[in-house]
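Residue numbers (the numbering used here): 2 to 445.
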C-alpha cells in the first residue's frame, strides 16, 4: 500500500520559490510516497514550538485528516522538539528534510560501503531524536533484584546506539584504507582522474555511461546513484583517464551525509579535473551551480579545474558546441548525453585541458620501479634512458603537467629537471608538494 504524504514548505522572510516546492515533490516521489496535498505559507522566523506556527499546525491536522495522509514531510530542518510537537498535534508521523533525504539514501545504497555510510548517518541523526521514541519507557527497570538505581530504557538505547556507531566507524575506517590503497596505486600510474559532479538529476550517470560504456544505473529521479563508480577509459588521441561518477549534490545537503559520504566526496576532492554537469533545460541552473560549488568548497575541492558540461540540450532544441574562456582554454561544452551528441567535443575538451603545457622532464627511478618504467614506455612517454651503476634509471620523458605532478608524489621518484619551465603550469602549486620537485624546478 502506497504511503500518502502531506508536503509542507514555508517561505522564511521571502516568497516561496515554486521550484523549491517542485523539488520537494520530486524528493517525495523518489522516497516512494504519494503526495496528496501541499501546504505553503510565509513566516518571518520559525515558530519555536511547531516551526510552522500554531494556526498552520491546526491547518496541517485538518488537511491530513481530510486527505488520509500517513506522513507529513516538512521541507525544512526541524529540531527534535518541533518534530515531536507536530507529531503529537497532528497525530501523523513527521519527517523533516534531512530525515527524508536520509530515507532516500537508505533505499538507494547498493554497495556494502554505501549501506554502512547511510546507516551511520541515520544513527547520528537519530541520536538527537531518541527521546521521541522512548518517552513512554523513561523509567527504571524493576523486578526481583532489579529495584533501585538502574539504567533507564533511554540510557540503554543510547548506549547500544553508541556501540553501533563505533562499530560502523571502525568498519568504514578499514574500507577507507582499502580505497586509499586503490588511489595510491592509481597515483603510481600517471593517469589523471576526471570526476563528474553536479546537482542531483543533472544527468551525471547518463554521461558516465556514455563516456565509459559502464552499465551505471540511470533514472529520471533525485539521487538515482549513490555509490561512487570508477572506470578507466581512453580518450580520442590515446589519452588514458580514470573517470569517476559521484552522488548528486542538492541544496541544504544534510550535514550527516556530507560527513558520512567521504568515499564519494574524496573522489571529487582528489580529482585532476572536474566535469561540472548542469541540466541546461533547468530554469534554476545558476542556483544549482552555486549550490554545487558551495559543497565543493566545503569539502576542499574548490581549487580543482572545472569544465562546465551543459547537458540535455536536446530539450532546448540546441546544438552541441564548445566554448572557450578568454585564455582560449576549453571552458564549457553543450551536449546531450542521452542522445550521445557533443561527446566528441567533450572528449576533445578533456584531452586539451589535461594535455595543456606538456613538458620535457628528466626522472630518476629506483631499481624497484620497473613496473612504473614499463608503464611509462607503454604510454610512449620515454625519449631516452640511462641505467646507472647502482641500478637506478635515468629517463628523459615528455608528459603533461598533471602526470608529472602525480609522479612527484610517488615515493622514490625524483624529478631532476623540468624543461619549458616558462610555459604556464596549471598545477604549479602541486609541484611544491614534492621537495625534490621543488628543488628540481630551480635547476631547469
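Where a beta carbon is used, it is the ideal one built from N, C-alpha and C, also for glycine.
As the structure is a prediction and not an experimental result, all values here were calculated from the model.
Residue 414 and residue 379 have their C-alpha atoms roughly 18 Å apart. The shortest CA-to-CA distance from residue 43 to any of 376, 50, 56 is the one to 56.
When beta bridges are read from the DSSP output, residue 378 appears opposite no residue.
At least 9 Å separates the beta-carbon of residue 104 from that of residue 84. The count of Cβ pairs closer than 8 Å, one atom from the stretch 289 to 296 and one from the stretch 312 to 327, stays below three, leaving the stretches out of contact. Counting only runs that start and end inside the stretch 54 to 85, the beta strand (DSSP E) elements of at least 3 residues fall at 72 to 75. Sorting 362, 39, 371 by C-alpha distance to the C-alpha of residue 405 places 362 at the top. The shortest C-alpha to C-alpha distance from residue 303 to any of 277, 418, 157 is the one to 277. Contact annotation, residue 244 with residue 267: C-beta distance approximately 15 Å; criterion of less than 8 Å not satisfied. The C-beta separation of residue 312 from residue 279 comes to about 7 Å, placing the pair in contact by the 8 Å criterion. The C-beta of residue 412 has fewer than 16 other C-beta atoms within 10 Å across all chains shown, which makes the residue exposed. Rounded to whole angstroms, the gap between the alpha carbons of residue 72 and residue 89 is 13 Å. Taking 9 Å as the cut-off, the beta carbon of residue 344 is found no closer than this to the beta carbon of residue 308.
Nearest to residue 166 by C-alpha distance, out of 120, 5, 340, is 120. Counting C-beta atoms within 10 angstroms of its own C-beta, residue 394 has 16 or more neighbours from the protein chains shown and is therefore classed as buried.
Under the 10 Å beta carbon count, residue 49 is surrounded by fewer than 16 other beta carbons and is classified as exposed. A buried status is given to residue 198, since no fewer than 16 other beta-carbon atoms sit within 10 Å of its beta-carbon.
By the neighbour-count definition (other C-beta atoms within 10 Å, threshold 16), residue 10 is a buried residue. Look at residue 201 here: in three-state DSSP terms it is coil, with no helix or strand label.
Per DSSP, the continuous alpha helix (DSSP H) segment holding residue 115 begins and ends at 113 to 128.
Out of 64, 32, 367, the CA that lies nearest to the CA of residue 109 is found in 32.
The three-state secondary structure of residue 174, taken from DSSP, is helix. In the displayed model, residue 247 falls within coil according to three-state DSSP, outside both helix and strand. Exclusion of the five residues before and after residue 397 leaves 363, 384, 385 as the residues of its chain whose Cβ lies within less than 6 Å of its Cβ. A buried status is given to residue 292, since no fewer than 16 other beta-carbon atoms sit within 10 Å of its beta-carbon.
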